[in-house]
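Student:
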Amino acid sequence: MGSSPLPHIAIFPFLSKGHTIPLVHLAHLIRRRCLATLTFLTTPLNAPFLRSSLSDTDADVVELPFPGGVPGLPDGIESTDALPSIDLFLPFVAATKLLRPQFEHAVAGLPAVSFLISDGFYGWTTESAADLGLPRMVFYGMGSFAMTVSATVAREKPHAGLVSDDQPFPVPGFPQLQLTRNDMNPPFDDPNPSGPLHEFVTEQSIAAANSHGVVANTFYELEAAYTDRWNLHIGPRAWCVGPVCSARLQEPERGLSDSKLTHWLDARSATDRPVLYVAFGSQADVSAAQLNEIAVGLENSGADFLWVVRREGAYQLGEGFEERVGDRGVVVREWVDQLEILRHGSVRGFVSHCGWNSVTESVCAGVPMLAWPMIAEQHLNAKFVVDVAGIGLRVRAGDGTKYGLVRREEVEEKVKELLFGEKGRMAAEKVKELALASHKAMADGGSSASALEQMIDEVSGAR
Ligand code: UDP
Ligand code: UDP
2 MGSSPLPHIA IFPFLSKGHT IPLVHLAHLI RRRCLATLTF LTTPLNAPFL RSSLSDTDAD
62 VVELPFPGGV PGLPDGIEST DALPSIDLFL PFVAATKLLR PQFEHAVAGL PAVSFLISDG
122 FYGWTTESAA DLGLPRMVFY GMGSFAMTVS ATVAREKPHA GLVSDDQPFP VPGFPQLQLT
182 RNDMNPPFDD PNPSGPLHEF VTEQSIAAAN SHGVVANTFY ELEAAYTDRW NLHIGPRAWC
242 VGPVCSARLQ EPERGLSDSK LTHWLDARSA TDRPVLYVAF GSQADVSAAQ LNEIAVGLEN
302 SGADFLWVVR REGAYQLGEG FEERVGDRGV VVREWVDQLE ILRHGSVRGF VSHCGWNSVT
362 ESVCAGVPML AWPMIAEQHL NAKFVVDVAG IGLRVRAGDG TKYGLVRREE VEEKVKELLF
422 GEKGRMAAEK VKELALASHK AMADGGSSAS ALEQMIDEVS GAR
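The opening residue of the sequence shown carries number 2 in our numbering; numbering runs sequentially from there.
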């Protein structure tokens, strides 16, 4: 009896931590179920992160040199996290198209590849896949709610003809759901979009429509109605195989590499004081004025907090801030292990920009959120967190707009409500239920575990 070779999956993550980390988790999940051989493709500067994150798997990492001398783009940057501003996003993704010849050459040279998983931002890989005779699976790094609502609103334009950005409109297929244009990000907030971002999004969605399927970092029970609508009316078929971060949660707690942080968190458990974790992901630019409002709001809330401030200098947190809060608060300026922080028993609230990874990590860890969306589909994610899933509260800008300044009083009030109020208690209860549901989905025989096995089986057979 001959045994057929394992499926071989070539995985091409987008060049940012937020899009790479979930695919690393996926690799760990696949490896645990012993389903396939994996090869990651990336650029030289991103290879060390991938190699170290994958060191306990047998996944290979192949390097594709990133093009230099691209107009409008500083040389030596191979990740959107390292861009001087997120405004350079479009030139950066345009530059990734130049990777195409190396990408195709590298994949063609790999032994018997079964299919590709490539990021939604690499629409051009649909053509590569066709040339190589391989199915392409798209990884969006979004939930079904954001995917389905964006696609439906773009197609049906229920927000045309409204007089203001905060006027509610229903979404076709979901009569209970009321959105406003403030919940949508460009170009989806505009019923008649044009310009480079619109062209980019259109190109990616045509490429996705011509792909074999979607690998979705969610679990069916979390967003069933939205996944169903996607699969029935939009497509290509989405397999809900997440939340992939549970690959880590199924392992014993590894503790934080920063022992000072661990001690600080452990000391909070001893006194049973809830800790608020504050972090806005790896992409969003937070203004100095906004940082200052957050600092004063946290200080006045009386809550213990762990705040990750990226790229900014201490002076922006206000004179003497850290001295005044003393041991009550910790400000971190490096990369932290967010998942380990969220699973620490002392952490009972997460002030988050609602990047989808952060949302799924909060769900898995059972921590209610204070939603503070900034860019991309984060406003939709916040809507999902607060009004659909009921696992968080929401901060609002003083002027009621999407990008306006959130004032210190608002920060203080909402933080207190999340940690000590009735609404916070209800959100905490709900998110703990969802945490259990997510663990069930990921366990043997659960919806996500089965979907992963089925997906690999079916897509490998589709070649
Ligand atoms: N993250 C982390 N440490 C940090 C900042 C971020 O581990 O200091 C991780 C976080 O756990 C999540 C990812 O980076 O997995 C960020 O993804 P998300 O979708 O939340 O936001 P983005 O950074 O893409 O805006
Ligand atoms: N990186 C990159 N392009 C850059 C700078 C860094 O791709 O222009 C990658 C690098 O490979 C590393 C990660 O981004 O894995 C973070 O790099 P950084 O220098 O910020 O180090 P960290 O603070 O994460 O240790």
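Using N, Cα and C, we set each Cβ at its ideal position, and we do this for glycine too.
Should Gly196 go down as buried or exposed, given a rule of 16 or more other Cβ atoms within 10 Å for buried?
Tutor: Position 195 of the sequence shown, counting from 1, holds the residue named residue 196. It is exposed - the Cβ of Gly196 has fewer than 16 other Cβ atoms within 10 Å.
Student: So, under 8 Å CB-CB, Glu323 and Val332 are touching, yes? Tell me the CB distance rounded to an integer number of Å.
Tutor: Taking the sequence shown and counting its residues from 1, one reaches residue 323 at position 322. Taking the sequence shown and counting its residues from 1, one reaches residue 332 at position 331. 6 Å between Cβ atoms; contact.
Student: Measuring only the C-alpha atoms, how far is Met2 from Lys98?
Tutor: Taking the first residue of the sequence shown as 1, we reach residue 2 at position 1. Taking the first residue of the sequence shown as 1, we reach residue 98 at position 97. Its pLDDT being 44, under 50, Met2 is placed unreliably in this model, and the value from its coordinates should be taken loosely. So the two alpha carbons sit approximately 44 Å from each other.
Student: Am I right that Thr40 and Glu79 are in contact with their C-beta atoms under 8 Å? What's the rounded C-beta distance?
Tutor: Stepping through the sequence shown from its first residue, residue 40 is reached at position 39. Stepping through the sequence shown from its first residue, residue 79 is reached at position 78. So it is not a contact: roughly 19 Å between Cβ atoms.
Student: Assuming Cys246 and His26 are in contact, meaning their beta carbons sit under 8 Å apart, how far apart are those beta carbons, in whole angstroms?
Tutor: Here residue 246 corresponds to residue number 245 of the sequence shown, with the count starting at 1. Here residue 26 corresponds to residue number 25 of the sequence shown, with the count starting at 1. Correct: roughly 6 Å between the Cβ atoms.
Student: First and last residue of the beta strand (DSSP E) that includes Ala239?
Tutor: Stepping through the sequence shown from its first residue, residue 239 is reached at position 238. Taken as a continuous stretch (DSSP letters only), the beta strand (DSSP E) holding Ala239 covers Ala239 to Cys241.
Student: Do the region 199-219 and the region 127-136 meet, that is, are 3 or more Cβ pairs less than 8 Å apart?
Tutor: Contact between the region 199-219 and the region 127-136 is present, because at least three Cβ pairs lie under 8 Å.
Student: Would you check if the distance between the CB atom of Leu42 and the CB atom of Thr21 is smaller than 8 Å?
Tutor: Counting from one through the sequence shown, the residue named residue 42 turns up at place 41. Counting from one through the sequence shown, the residue named residue 21 turns up at place 20. Not a contact, by the Cβ cut-off of 8 Å.
Student: Going by DSSP, what residue range makes up the beta strand (DSSP E) through Gln179?
Tutor: Walking along the sequence shown from the start, residue 179 turns up at place 178. Per DSSP, Gln179 belongs to the beta strand (DSSP E) from Phe175 to Leu180.
Student: Looking at the strands, I want to know which residues DSSP matches up with Ala11.
Tutor: Residue numbering aside, residue 11 sits at position 10 when the sequence shown is read from its first letter. Paired residues: Thr40 and Leu117.
Student: Quick check: the Cα distance between Leu65 and Thr58, rounded to an integer number of angstroms?
Tutor: Counting from 1 along the sequence shown, the entry for residue 65 is found at position 64. Counting from 1 along the sequence shown, the entry for residue 58 is found at position 57. Their backbone Cα atoms lie some 21 Å apart in a straight line.
Student: Could you check how far apart the C-beta atoms of Lys415 and Leu343 are, in whole angstroms? I think they sit under 8 Å.
Tutor: Within the sequence shown, numbered from 1, the residue matching residue 415 stands at position 414. Within the sequence shown, numbered from 1, the residue matching residue 343 stands at position 342. Lys415 to Leu343, Cβ: 19 Å. No contact.
Student: Please report how far the alpha carbon of Leu7 lies from the alpha carbon of Ser347, in whole angstroms.
Tutor: Start at 1 with the first residue of the sequence shown, and residue 7 comes out as number 6. Start at 1 with the first residue of the sequence shown, and residue 347 comes out as number 346. Roughly 43 Å separates the two Cα atoms.
Student: What are the partner residues of Val309, as DSSP defines its beta bridges?
Tutor: Translated into positions along the sequence shown, residue 309 becomes position 308. Per DSSP, Val333.
Student: Leaving out the 5 sequence neighbours to the left and right, which residues in its chain are closer than 6 Å to Arg329 when beta-carbon positions are compared?
Tutor: To locate residue 329, count along the sequence shown from 1; it is residue 328. Result list for Arg329: Asp305, in chain order.
Student: What separation, rounded to the nearest whole angstrom, lies between the Cα atoms of Leu178 and Pro171?
Tutor: Taking the sequence shown and counting its residues from 1, one reaches residue 178 at position 177. Taking the sequence shown and counting its residues from 1, one reaches residue 171 at position 170. Each residue's alpha carbon lies about 6 Å from the other.
Student: Check whether the Cβ of His29 lies closer than 7 Å to any heavy atom of ligand 1, and answer yes or no.
Tutor: Here residue 29 refers to the residue found at position 28 of the sequence shown. For ligand 1, not one heavy atom lies less than 7 Å from the Cβ of His29.
Student: Nearest-angstrom Cα distance between Thr81 and Glu157?
Tutor: Here residue 81 refers to the residue found at position 80 when the sequence shown is read from its first residue. Here residue 157 refers to the residue found at position 156 when the sequence shown is read from its first residue. Near 32 Å, if we compare the C-alpha coordinates of Glu157 and Thr81.
Student: Decide yes or no for the touch test of the region 393-400 against the region 246-261: beta carbon pairs closer than 8 Å, at least 3 of them.
Tutor: No contact exists between the region 393-400 and the region 246-261.
Student: Measuring CB atoms only, is the region 84-95 touching the region 427-441, in the sense that at least three cross pairs come out at less than 8 Å?
Tutor: Cβ pair count under 8 Å is below three, so no.
Student: Kindly examine ligand 1 and report whether one of its heavy atoms sits closer than 7 Å to the Cβ of Asn232.
Tutor: Within the sequence shown, residue 232 is the residue found at index 231, counting from 1. Every heavy atom of ligand 1 is 7 Å or more from the Cβ of Asn232, so no.
Student: Within the continuous alpha helix (DSSP H) that includes Asp388, where are the two ends?
Tutor: One-based indexing of the sequence shown puts residue 388 at position 387. It is not in any alpha helix (DSSP H) - Asp388 carries neither H nor E in the DSSP assignment.
Student: Under 8 Å Cβ to Cβ from Phe90, same chain only, skipping five residues before and after it: list those, please.
Tutor: The residue labelled residue 90 in the question sits at position 89 within the sequence shown. Excluding positions up to five away in sequence, the list reads Thr81 and Leu84.
Student: Output needed for Val202: all residues of its chain with C-beta closer than 7 Å, excluding positions within five of it in sequence on either side, in chain order.
Tutor: Here residue 202 refers to the residue found at position 201 when the sequence shown is read from its first residue. Excluding sequence neighbours, Val202 sits near Pro188.
Student: Count the C-beta pairs between the region 134-150 and the region 98-117 that are closer than 8 Å, then say yes if the count reaches three, no if not.
Tutor: Judged by Cβ distances under 8 Å, the region 134-150 makes contact with the region 98-117, as three or more pairs qualify.
Student: Quick check for students: name the residue ranges of the alpha helix (DSSP H) that lie wholly in the region 314-384, counting only runs of 4 or more.
Tutor: Complete alpha helix (DSSP H) runs here, min 4: 322-326, 339-343, 357-366 and 379-384.
Student: How should Thr402 be labelled, buried or exposed, when 16 other C-beta atoms within 10 angstroms of its C-beta is the threshold for buried?
Tutor: Start at 1 with the first residue of the sequence shown, and residue 402 comes out as number 401. Label assigned to Thr402: exposed.
Student: Measuring alpha carbon to alpha carbon, tell me which residue in Phe67, Pro92 and Leu111 is nearest Leu74.
Tutor: Residue mapping note: residue 74 aligns to position 73 of the sequence shown, counting from 1. Of the candidates Phe67, Pro92 and Leu111, the one whose C-alpha sits nearest the C-alpha of Leu74 is Pro92.
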